[in-house]
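**Student:** Quick mapping for you: the protein sequence lines, in order, are chains B and X.
Read in order, the letters of the first sequence correspond to residues 1 to 485 in the working numbering.
Read in order, the letters of the second sequence correspond to residues 486 to 715 in the working numbering.
For every residue, glycine included, the Cβ atom is placed at its ideal position computed from N, Cα and C.
Input: one structure, supplied below.
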Amino acid sequence: MTDVTLAVVLPLLGAFLLPLTAHRGLHWLGMLLGPALLALAALLLFATWTAFESPYAIALGGFAPPLGITFYVDLLGLLFALAVPLTSLLLWPGGSDEAAIRQQSLTLLLAAALTGMALSGDLFNLYVFYELAAVASYGLAASSATGPAFVAAFRFLLISALGSVVTLLGIALIYFKTGTLNLAHLATLSERLADPQGLAAFAMLLIGFGVKAELFPVNAWVPEVYAATGKRVAALLAGLASKLAVLAVVRILLLVFPHDEARQLLLLLGTLGVLSGELAAWQARDVTRMLAWSSIGQLGVVLVAFSLPGKAGLIAGVTVAMHHLVVKSALFLLADRWGGAVDRLKGAATASPLGAALFVLFALSLLGLPPLPGFWSKYLVLSGLAEAGSGMQHLALGVILLGTVIEGGYLLRIITRLYAAPERDIVPPAHRFPNLFASGLLALLLVAGAILIDPLWQGLNTLAASATDTQVYVQTVLGGKGITR
Amino acid sequence: MAKRLLIVLALFLLAMMFWEVAANYTERTALTPIATHYVAQGPDEVGAPNLVTAVVVTYRGLDTLGEVTVLFLSAVAVGLLLTMGGLDQKAEPPTPASEIVETAVQYLFPIVLLFGAYIFVNGHLSPGGGFQGGAVIASATLLLFLALPRSKLRHALLIITESLSGFGYVLVGVLGLVLAGGFLDNRVLPLGDYGRLFSAGAIPVIYTFIGLKVGAELSAVLERFKGEAS
Numbered sequence: 001m002t003d004v005t006l007a008v009v010l011p012l013l014g015a016f017l018l019p020l021t022a023h024r025g026l027h028w029l030g031m032l033l034g035p036a037l038l039a040l041a042a043l044l045l046f047a048t049w050t051a052f053e054s055p056y057a058i059a060l061g062g063f064a065p066p067l068g069i070t071f072y073v074d075l076l077g078l079l080f081a082l083a084v085p086l087t088s089l090l091l092w093p094g095g096s097d098e099a100a101i102r103q104q105s106l107t108l109l110l111a112a113a114l115t116g117m118a119l120s121g122d123l124f125n126l127y128v129f130y131e132l133a134a135v136a137s138y139g140l141a142a143s144s145a146t147g148p149a150f151v152a153a154f155r156f157l158l159i160s161a162l163g164s165v166v167t168l169l170g171i172a173l174i175y176f177k178t179g180t181l182n183l184a185h186l187a188t189l190s191e192r193l194a195d196p197q198g199l200a201a202f203a204m205l206l207i208g209f210g211v212k213a214e215l216f217p218v219n220a221w222v223p224e225v226y227a228a229t230g231k232r233v234a235a236l237l238a239g240l241a242s243k244l245a246v247l248a249v250v251r252i253l254l255l256v257f258p259h260d261e262a263r264q265l266l267l268l269l270g271t272l273g274v275l276s277g278e279l280a281a282w283q284a285r286d287v288t289r290m291l292a293w294s295s296i297g298q299l300g301v302v303l304v305a306f307s308l309p310g311k312a313g314l315i316a317g318v319t320v321a322m323h324h325l326v327v328k329s330a331l332f333l334l335a336d337r338w339g340g341a342v343d344r345l346k347g348a349a350t351a352s353p354l355g356a357a358l359f360v361l362f363a364l365s366l367l368g369l370p371p372l373p374g375f376w377s378k379y380l381v382l383s384g385l386a387e388a389g390s391g392m393q394h395l396a397l398g399v400i401l402l403g404t405v406i407e408g409g410y411l412l413r414i415i416t417r418l419y420a421a422p423e424r425d426i427v428p429p430a431h432r433f434p435n436l437f438a439s440g441l442l443a444l445l446l447v448a449g450a451i452l453i454d455p456l457w458q459g460l461n462t463l464a465a466s467a468t469d470t471q472v473y474v475q476t477v478l479g480g481k482g483i484t485r
Numbered sequence: 486m487a488k489r490l491l492i493v494l495a496l497f498l499l500a501m502m503f504w505e506v507a508a509n510y511t512e513r514t515a516l517t518p519i520a521t522h523y524v525a526q527g528p529d530e531v532g533a534p535n536l537v538t539a540v541v542v543t544y545r546g547l548d549t550l551g552e553v554t555v556l557f558l559s560a561v562a563v564g565l566l567l568t569m570g571g572l573d574q575k576a577e578p579p580t581p582a583s584e585i586v587e588t589a590v591q592y593l594f595p596i597v598l599l600f601g602a603y604i605f606v607n608g609h610l611s612p613g614g615g616f617q618g619g620a621v622i623a624s625a626t627l628l629l630f631l632a633l634p635r636s637k638l639r640h641a642l643l644i645i646t647e648s649l650s651g652f653g654y655v656l657v658g659v660l661g662l663v664l665a666g667g668f669l670d671n672r673v674l675p676l677g678d679y680g681r682l683f684s685a686g687a688i689p690v691i692y693t694f695i696g697l698k699v700g701a702e703l704s705a706v707l708e709r710f711k712g713e714a715s
């Protein structure tokens, strides 16, 4: 039983069963169920990762692609899939009352949906999992049950619902032009989408998937939701969910729209995201909004990286995405009790020296201080842009550099407050242990990343070589005997 | 002002995109190869006369599991929102419906339930299926609430139905993984005689779970919205 389908199914099972544990003496079971299933899913994916030899496809229901739905297992998908249960475990909402159980149900469903997004090789199936993740996110965004959280969640719902409708239109258009939804089959027919209609379809998909990927024009929900909701939820959405939406966009870009126009569009929107996100973060007055806007800027960099063609682009993109996952999750966890204006943080380091030190570590990596992994990730993007060398790419390079300077400005503003002398002996509260523990683990991961740079580089090269090779994908899924016409 | 301009610009770009699509639209006159396969091979491969069901429950079964889960999620989220309170203003006690309405509902209620069950059990043979049958069952609940606003549902029972039918659906899927071709393969049970009630493998079982689940979920959502009408 090493079928990776189970990594999607197990959290789903847990989510269905959790409501039953609200009764009688079953609380202990409810407390155990979610973490146990997530751990099992993580183990399963890890076992698949270590035993991995070459990419393979799973025909769900036993119907050969492109008739049925396909899961595609390669290193890129496995890496992102593995990140899902691990991050969900790290950010697991505890508790055993009715509200906590609902929140855990939502977290499990989010994990199932995101794992599905990492593995799915079918355009419509991707959309279904995306919808699932989106609905779980609305619930989680509203789960802190305050007025602002409801307003923010409702706004999120409206933007996301609009995006979903537009995406569905885009998928319908693609299906109309090609007659298939299987990504591998679409890859063989991608020439049919190399016209203005095809580009319009890609733009529609971007608008929908872009909502969760915090893409430039559809990210207005981000600061409100992250500021109003619990910081664990913010970390889950900003760190994890956004990355899986990006992965969906990348798969679609690589396989279905390998055209220059599509890459240019992504590059343009990513660049605008960097510029708008960083500028807004500079203006923000409280820590969570600052981190939220900064996350929009960072995801802009991720999208710019993925818009670069070939292996170099994919390596850069994966590095920036994974780095952002680790760093932004940790920063949100550390900002848990630092709500309100930045100025009120004065002296926070005296109350929580370890927390403040961790914050500095993550902030410095985000900025790209060598030898932290953030430096390498930014270096890969910038060198990729410099080599690719068109006007747009040079502009993007300039914008990212400018963004880094701005980022340095506002992150230093927080750091100097942390270490300033406290005013009138009012010190922000110390960190809760679970958050400190989780961000400590993430810090270890970050440092390990800095030390193990050589093996990581080797691994990324293998990963990117197979992920960018469309032929491998098509051959693996269709076996050279796909239905053509 | 700048914001308005941006909105107008965005709308203009969207309109251009849709115009591009609409202007180049040509009607398709033949089935696509995949659709041809569904139509030609579907009855043999899956054993369901209703080809829509064949596609929805088997060929693209995972999507359907996803849709069922979206509904489950919405019910959880509604529960999360509406139990948080805020809706406890004292409403006027509702005027009782007339005796004719109340009596009629008592006779109609089981019949509507039966009809819902009929629709989901026969989903592989005739138009309809789990979602439709579940919606019919929920309409019985709505009828009950409209005629007899004081009626209460047994909440624990709804939750158990919802959870266990979801669990059952996924379990049938896993059985497909172990015993047949893959997750959610309907051929864990024999395909049987084409056109019979007990045929098309696990489709009737899956649709029964979906019907029960959707019925319980929509009923629970209706009850949440009704609130404590006394």
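Can you look up ILE453 (chain B) in the DSSP assignment and give me helix, strand or coil?
**Tutor:** Numbered from its first residue, the first sequence carries residue 453 (chain B) at position 453. Helix at ILE453 (chain B).
**Student:** Would a C-beta distance cut-off of 8 Å place GLY619 (chain X) and ILE695 (chain X) closer than the cut-off?
**Tutor:** Locating residue 619 (chain X) in the second sequence gives position 134, counting from the first residue. Locating residue 695 (chain X) in the second sequence gives position 210, counting from the first residue. Cβ atoms of GLY619 (chain X) and ILE695 (chain X): closer than 8 Å.
**Student:** Please state whether DSSP places ALA136 (chain B) in a helix, a strand or coil.
**Tutor:** Here residue 136 (chain B) refers to the residue found at position 136 when the first sequence is read from its first residue. It is helical.
**Student:** Is PRO428 (chain B) near the ligand HEM, with its Cβ less than 7 Å from a heavy atom?
**Tutor:** Judged by which ligands are present, the structure shown has none, so any question about the ligand HEM falls away.
**Student:** Starting from HIS70 (chain B), follow its DSSP beta bridges and name the residues at the other end.
**Tutor:** Counted from its first residue, the first sequence places residue 70 (chain B) at position 70. Contrary to the premise, residue 70 (chain B) reads as Thr rather than His in this sequence. Bridge partners of THR70 (chain B): B:ALA59.
**Student:** Expressed to the nearest angstrom, what Euclidean distance is found between the alpha-carbon atoms of ILE426 (chain B) and THR146 (chain B)?
**Tutor:** As a position in the first sequence, residue 426 (chain B) is number 426, starting the count at 1. As a position in the first sequence, residue 146 (chain B) is number 146, starting the count at 1. One C-alpha to the other measures close to 26 Å.
**Student:** Strictly below 8 Å CB to CB, what residues from chain B border GLU552 (chain X)?
**Tutor:** The residue you call residue 552 (chain X) lines up with position 67 of the second sequence. Result: VAL128.
**Student:** Once you ignore the five residues that flank ALA488 (chain B) on each side, which residues in its own chain have a CB closer than 7 Å to its CB?
**Tutor:** Residue 488 (chain B) lies beyond the stretch modelled for chain B, which goes from 1 to 485, so this question has no answer here.
**Student:** Any Cβ of chain X within less than 8 Å of the Cβ of ILE415 (chain B)?
**Tutor:** As a first step, residue 415 (chain B) must be located in the first sequence, where it is residue number 415. Chain X, which has no Cβ nearer than 8 Å to the Cβ of ILE415 (chain B), makes this no.
**Student:** Determine, using beta carbons only, whether ASN535 (chain X) and GLY651 (chain X) come nearer to each other than 8 Å.
**Tutor:** For this step, residue 535 (chain X) is matched to residue 50 along the second sequence. For this step, residue 651 (chain X) is matched to residue 166 along the second sequence. Taking 8 Å as the Cβ cut-off, ASN535 (chain X) and GLY651 (chain X) do not qualify as a contacting pair.
**Student:** I'd like to confirm the pairing. Which residues does DSSP put opposite ASP122 (chain B) in its beta bridges?
**Tutor:** Within the first sequence, numbered from 1, the residue matching residue 122 (chain B) stands at position 122. Paired residue(s): B:ASN182.
**Student:** Write down the C-beta distance between ALA83 (chain B) and ALA113 (chain B) rounded to the nearest angstrom, noting that I regard them as a contact closer than 8 Å.
**Tutor:** Here residue 83 (chain B) is taken as the residue at index 83 of the first sequence, counted from 1. Here residue 113 (chain B) is taken as the residue at index 113 of the first sequence, counted from 1. That belief does not hold up - the Cβ atoms of ALA83 (chain B) and ALA113 (chain B) are roughly 14 Å apart, past 8 Å.
**Student:** Ignoring anything shorter than 4 residues, give me the alpha helix (DSSP H) runs that lie fully in the stretch 531 to 617 of chain X, in order along the chain.
**Tutor:** Segments of the alpha helix (DSSP H) lying fully in the stretch 531 to 617 of chain X: 546 to 567, 584 to 606.
**Student:** If we cut at 8 Å on Cβ distances, does ILE688 (chain X) have a partner in chain B?
**Tutor:** Taking the first residue of the second sequence as position 1, residue 688 (chain X) is located at position 203. Under the Cβ criterion of 8 Å, ILE688 (chain X) is not counted among the residues facing chain B.
**Student:** Is VAL506 (chain X) close to chain B? Criterion is C-beta to C-beta, closer than 8 Å.
**Tutor:** What you label residue 506 (chain X) is simply residue 21 of the second sequence in a count that begins at 1. In terms of beta-carbon proximity, VAL506 (chain X) lines the interface with chain B, with at least one pair separated by less than 8 Å.
**Student:** Roughly how many angstroms separate the alpha carbons of THR626 (chain X) and LEU610 (chain X), rounded to a whole number?
**Tutor:** Taking the first residue of the second sequence as position 1, residue 626 (chain X) is located at position 141. Taking the first residue of the second sequence as position 1, residue 610 (chain X) is located at position 125. Each residue's Cα considered, the two are about 26 Å apart.
**Student:** Using the beta-carbon of each residue, which ones in chain X are nearer than 9 Å to ILE58 (chain B)?
**Tutor:** For the purposes of this step, residue 58 (chain B) is taken as residue 58 along the first sequence, with counting starting at 1. Residues of chain X passing the Cβ test: GLY667, PHE668.
**Student:** With DSSP collapsed to three states, give me the class of ALA284 (chain B).
**Tutor:** Numbered from its first residue, the first sequence carries residue 284 (chain B) at position 284. Looking at ALA284 (chain B) - three-state DSSP - the assignment turns out to be coil, as it is neither helix nor strand.
**Student:** Run through DSSP, which three-state label would ALA341 (chain B) get?
**Tutor:** The residue labelled residue 341 (chain B) in the question sits at position 341 within the first sequence. In this structure, ALA341 (chain B) counts as strand in the three-state DSSP scheme.
**Student:** For the stretch 197 to 213 of chain B, enumerate the residues whose C-beta is nearer than 9 Å to any C-beta of chain X, in chain order.
**Tutor:** GLN197, LEU199, ALA200, ALA201, ALA203, MET204, ILE207
**Student:** Counting only Cβ-Cβ distances shorter than 7 Å, please list the residues of the stretch 137 to 171 of chain B near chain X, keeping chain order.
**Tutor:** TYR138, GLY139, ALA142, SER143, ALA145
**Student:** Would you call the stretch 338 to 349 of chain B and the stretch 256 to 272 of chain B in contact, with 3 or more CB pairs under 8 Å?
**Tutor:** As far as the Cβ criterion goes, the stretch 338 to 349 of chain B does not touch the stretch 256 to 272 of chain B, which means the pair count is below three.
**Student:** Hey, is the stretch 642 to 661 of chain X in contact with the stretch 43 to 53 of chain B, meaning 3+ C-beta pairs nearer than 8 Å?
**Tutor:** With the rule of 3 Cβ pairs closer than 8 Å, the stretch 642 to 661 of chain X does not count as touching the stretch 43 to 53 of chain B.
**Student:** In angstroms, rounded to a whole number, what distance separates the CA positions of LEU29 (chain B) and ALA36 (chain B)?
**Tutor:** As a first step, residue 29 (chain B) must be located in the first sequence, where it is residue number 29. As a first step, residue 36 (chain B) must be located in the first sequence, where it is residue number 36. The straight-line gap from Cα to Cα measures roughly 10 Å.
**Student:** Rounded to the nearest angstrom, how far is the Cβ of LEU20 (chain B) from that of THR554 (chain X), given a contact under 8 Å?
**Tutor:** Position 20 of the first sequence, counting from 1, holds the residue named residue 20 (chain B). Position 69 of the second sequence, counting from 1, holds the residue named residue 554 (chain X). About 16 Å; that fails the 8 Å criterion.
**Student:** Could you tell me the boundaries of the alpha helix (DSSP H) in which ARG489 (chain X) lies?
**Tutor:** Counting from one through the second sequence, the residue named residue 489 (chain X) turns up at place 4. Residues 487 to 508.
**Student:** Three-state secondary structure (DSSP) at VAL427 (chain B)?
**Tutor:** As a first step, residue 427 (chain B) must be located in the first sequence, where it is residue number 427. Reduced to three states, the DSSP call for VAL427 (chain B) is coil.
**Student:** For the candidate residues B:THR271, B:GLY163, B:LEU86, B:ILE315, whose alpha-carbon lies nearest to that of VAL304 (chain B)?
**Tutor:** Taking the first sequence and counting its residues from 1, the one referred to as residue 304 (chain B) is at position 304. Selected option, being the one with the closest Cα: B:THR271.
**Student:** Short of 8 Å Cβ to Cβ, which residues in the stretch 599 to 616 of chain X face chain B?
**Tutor:** none
**Student:** Assuming the contact rule is C-beta atoms closer than 8 Å, ILE644 (chain X) and LEU67 (chain B) should be a hit. Round their C-beta distance to whole Å, please.
**Tutor:** Against the second sequence, residue 644 (chain X) aligns to sequence position 159. Against the first sequence, residue 67 (chain B) aligns to sequence position 67. At roughly 37 Å, the Cβ-Cβ gap does not stay under 8 Å, so ILE644 (chain X) and LEU67 (chain B) are not in contact.
**Student:** Along the chain, where does the alpha helix (DSSP H) that runs through SER704 (chain X) open and close?
**Tutor:** For the purposes of this step, residue 704 (chain X) is identified with residue 219 of the second sequence, where counting begins at 1. Its alpha helix (DSSP H) spans residues 688 to 711.
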